[in-house]
Amino acid sequence: MQKQTALVIGAGIGGIATAARLAKNGYDVTVLEKESTPGGRCNQIVCDGHRFDIGPTLFLMPEIWEETFAALGERMSDHLDLKRIDPTYKVHFEDGLQLELTSNLGDMQVQLDKVDKTAFTGFLNYIAEGGKHYKMSVEKFVGRNFYNIFQYFSPGNLPLLFQLKALRKHYANVSKYFTDERLKAAFTFQNMYLGLSPYDAPATYSLLQYTELAEGVWYPMGGMYAAIEALVKIAERLGVKFIYNAPVKKMKEERAALRPKEVSKGGKITSIITEDGREFTADIFVGNADLPYIYKELLPTNK
Numbered sequence: 568m569q570k571q572t573a574l575v576i577g578a579g580i581g582g583i584a585t586a587a588r589l590a591k592n593g594y595d596v597t598v599l600e601k602e603s604t605p606g607g608r609c610n611q612i613v614c615d616g617h618r619f620d621i622g623p624t625l626f627l628m629p630e631i632w633e634e635t636f637a638a639l640g641e642r643m644s645d646h647l648d649l650k651r652i653d654p655t656y657k658v659h660f661e662d663g664l665q666l667e668l669t670s671n672l673g674d675m676q677v678q679l680d681k682v683d684k685t686a687f688t689g690f691l692n693y694i695a696e697g698g699k700h701y702k703m704s705v706e707k708f709v710g711r712n713f714y715n716i717f718q719y720f721s722p723g724n725l726p727l728l729f730q731l732k733a734l735r736k737h738y739a740n741v742s743k744y745f746t747d748e749r750l751k752a753a754f755t756f757q758n759m760y761l762g763l764s765p766y767d768a769p770a771t772y773s774l775l776q777y778t779e780l781a782e783g784v785w786y787p788m789g790g791m792y793a794a795i796e797a798l799v800k801i802a803e804r805l806g807v808k809f810i811y812n813a814p815v816k817k818m819k820e821e822r823a824a825l826r827p828k829e830v831s832k833g834g835k836i837t838s839i840i841t842e843d844g845r846e847f848t849a850d851i852f853v854g855n856a857d858l859p860y861i862y863k864e865l866l867p868t869n870k
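All letters in the sequence shown, in the order written, are residues 568 to 870 by the working numbering.
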């Protein structure tokens, strides 16, 4: 029996993992990548014997990575040597105060006591709330697919707006736990990872501090790119074919005949055309490029 085929656009982390999962489930998979190497935003520069990570610098949520490797029949520990980074980072203030934010509770109490003897209790409560936000977000949003806006804003999800404090600003919320302005800054600046101001970001993002200070920040020996190399190796072993230097020009669509004045609602994608004119067909297509780019540049204009 002939295998079903799948074509993935983009060899970023998501594209590689998706391709490997499809291959594990019996698909004949091809990945088209516009660059000469895999990785997408998680990449590296090698120059004169030196290697530099570009893109992500923090390895977070290791349990998600563990689940990905397990789904491919592998153990992450057989492919990545992770080292915990502790203290997570040092924060320097203009007045000379230095804080080492750490996942070691005893050390954290010593750090916070330098500022405010009541701050450690506030920290424990703050991290507990962040843990609730983290687990709820992963269960209700990150780990689910939403196929239309009505599923996302379903009656069952609306109470989560309040449980996750999505309508309350993060900086205002952290003021419940800390009175010192420096501590408020130390536990909200992480919003800038996402390009958000702590004054505008929802209080939901306390999950970032929980992730870093409870789950931990890790570093794979060999750099962040070691994770890419590990996933590519597994994917290739499962039969995934990677084609590099193959930017996609457009996606061809099968269109049904339209009656007069009827507007097409879009049809099934039948093939992919690369910029050098090659055409690839498949039973299913996965776009791992930026979604706005796919809609604007790759899909047919009359959607």
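We put the beta carbon where it would ideally sit given N, CA and C, even for glycine.
Closest option to glutamine 569, judged by alpha-carbon separation, among Gly593, Ile576, Lys819: Gly593. Pairwise C-beta distances place the segment 754–765 out of contact with the segment 710–726, as fewer than three of them are shorter than 8 Å.
Glutamate 779 and leucine 589 have their C-alpha atoms roughly 31 Å apart. Residues His737, Asn758 of the same chain have their beta carbon placed closer than 6 Å to that of tyrosine 772, with the five preceding and five following residues left out of the count. The Cβ-Cβ distance between isoleucine 851 and lysine 819 does not fall below 8 Å. The beta-bridge partner set that DSSP reports for proline 787 consists of Leu649. In the displayed model, threonine 685 falls within coil according to three-state DSSP, outside both helix and strand. Here leucine 725 carries a coil assignment [DSSP, helix/strand/coil]. Residue environment analysis places alanine 637 among the exposed positions, since fewer than 16 neighbouring C-beta atoms fall within 10 angstroms of its C-beta.
The beta carbon of aspartate 620 sits closer than 7 Å to the beta carbons of Gln611, Gly790, Met791, Tyr792 from its chain, once the five residues preceding and following it are set aside; these are given in chain order. If you draw a 10 Å sphere on the C-beta of asparagine 855, you find 16 or more other C-beta atoms in it, and that means buried.
The straight-line gap separating the alpha-carbon atoms of lysine 591 and valine 807 is approximately 9 Å.
Contact annotation: leucine 649 and proline 787 have beta-carbon atoms nearer than 8 Å.
Under DSSP, the beta-bridge partners assigned to aspartate 595 are Thr572.
Contact between methionine 703 and leucine 664 does not hold, since their C-beta atoms are separated by about 33 Å, which reaches or exceeds 8 Å.
At least 8 Å separates the beta-carbon of glutamate 641 from that of lysine 657. In the DSSP assignment, glycine 854 falls within the unbroken beta strand (DSSP E) covering 851–854. Taken in chain order, the unbroken stretches of alpha helix (DSSP H) that lie wholly in the segment 660–705 and span 4 residues or more are 672–680, 686–704.
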